[in-house]
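Residue numbers (this note's numbering): 5 to 324. Just so you know, even glycine gets a beta-carbon here, dropped at the ideal spot from N, CA and C.
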Amino acid sequence: MTGYRLAILDDYQQVSADYADWNSLRADGVSVTVFSRPFASDADAIQALSGFDIVVAMRERTPFPRAVLGKLPRLKLLVTTGAANAAIDLAAAADHGVTVCGTGGSPSAAPELTWALLMALARNVAAEENALRAGRWQNTVGSELAGKTLGIVGLGKIGHKVAAYAHAFGMNVLAWSQNLDEATATAAGVRRVSKDDLFRESVVVTLHLRLSKRSEGTVGEKELRLLGPGGMLVNTARGPLVDQAALIRALKEGWIRSAAVDVYDQEPLPAGHPLLAAPNTLLTPHLGYVTHESYARFYGGALEDIKSWLAGAPVRQLTD
5 MTGYRLAILD DYQQVSADYA DWNSLRADGV SVTVFSRPFA SDADAIQALS
55 GFDIVVAMRE RTPFPRAVLG KLPRLKLLVT TGAANAAIDL AAAADHGVTV
105 CGTGGSPSAA PELTWALLMA LARNVAAEEN ALRAGRWQNT VGSELAGKTL
155 GIVGLGKIGH KVAAYAHAFG MNVLAWSQNL DEATATAAGV RRVSKDDLFR
205 ESVVVTLHLR LSKRSEGTVG EKELRLLGPG GMLVNTARGP LVDQAALIRA
255 LKEGWIRSAA VDVYDQEPLP AGHPLLAAPN TLLTPHLGYV THESYARFYG
305 GALEDIKSWL AGAPVRQLTD
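This is the structure we're talking about:
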């Protein structure tokens, strides 16, 4: 069968062609359209994608709930970059006959960004750089990490790497998650504690949980107050893990020292968003997976998924 239409979504940097040979699909009768801007709403996504048979979604930038999937009658293959995507309703996809496939990813991109943000917070890098450009010299006093305590919320693959970085910097490491067992913590060289104790004892807390109904709002007013006025929070996981209103208030009222945020409740972050005006913040535009290495695995894997599906042998299928 020929005549398939492929949509590559949310190519913000317009680089998808640099990481995969999409032209190689022409032999299979596949035409390619690249969307570089996010859709404003589900309705806009439906209108734009209703004529496509195959869609490549970049992580969770465009959601595919049941209401959207049910209005894409031609869609047969949905590829998400990465091995999981909480923004795709897999049950609805199955109900509508849509095959969903994933790709590999970089094991280092997110933990390395986490550590970069953590170090930048500790040494007030953003504030000092801005001050220097404005003609001011040495305005703050930073903090060393050696001997301090890092709390890791979510000791999965990313959390393990962050723990290893912390050990290399001479930090003490605590960890908590709802399912964390003693053996896993011990193997990672960290001390398993309660959530309250983690926030109470840590100078820096980093978040590495998967977003779910159970994990949403893991960090709220109580946890931020326990972290205290000398504490720093780093979130490179998912925005809704943190009560955003509580975080903004914590920054404005000095419950914590500072926060580095790479993920948000709404993405892209709109102009005028309250976080943009919050003090003592280091904000990045969801860069956790935005590296050459990640994109090569994402787009290369997506192309492989499409070719395998066209050949009648889908790979890396995702099911509910």
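Each residue's CA atom was taken as its position, placing arginine 63 and serine 20 some 13 Å apart. Here glutamate 227 is buried. Its C-beta has 16 or more other C-beta atoms within 10 Å. The C-beta distance from glycine 193 to valine 177 rounds to 7 Å, short enough to meet the 8 Å contact threshold.
For secondary structure counted as the alpha helix (DSSP H) over 4 or more consecutive residues, the segment 153-220 holds these complete runs in sequence order: 161-172, 186-191 and 199-205. DSSP lists Thr84 as the beta-bridge partner residues of alanine 61.
Look at glutamine 17 here: in three-state DSSP terms it is coil, with no helix or strand label. Alanine 31 and glutamate 308 have their C-alpha atoms spaced approximately 14 Å apart. Of Gly74, Ser198, Ala113 and Val83, the smallest CA-CA separation from aspartate 14 is found for Val83. Per DSSP, the unbroken alpha helix (DSSP H) holding arginine 301 starts and ends at 296-314. Residues Arg261 of the same chain have their beta carbon placed closer than 6 Å to that of glycine 234, with the five preceding and five following residues left out of the count.
With respect to the 8 Å criterion, tryptophan 180 and arginine 204 are not classified as neighbours on the basis of their beta carbons. Counted as a single uninterrupted DSSP element, the alpha helix (DSSP H) harbouring valine 129 occupies residues 129-137. If you check the CB distance, threonine 118 and valine 207 do not come in under 8 Å. According to the DSSP assignment, leucine 231 belongs to the alpha helix (DSSP H) that extends over 225-231.
Taking a contact as a CB-CB distance under 8 Å, the pair aspartate 266 and histidine 290 counts as one, their CB atoms being some 6 Å apart. The criterion of a C-beta distance shorter than 8 Å is satisfied by alanine 250 and glutamate 225. Looking only at Glu271, Gly243, Gly276 and Leu237, the smallest Cα-Cα distance to glycine 258 is reached by Leu237. Closest option to isoleucine 156, judged by alpha-carbon separation, among Glu148, Ser198 and Asn134: Ser198.
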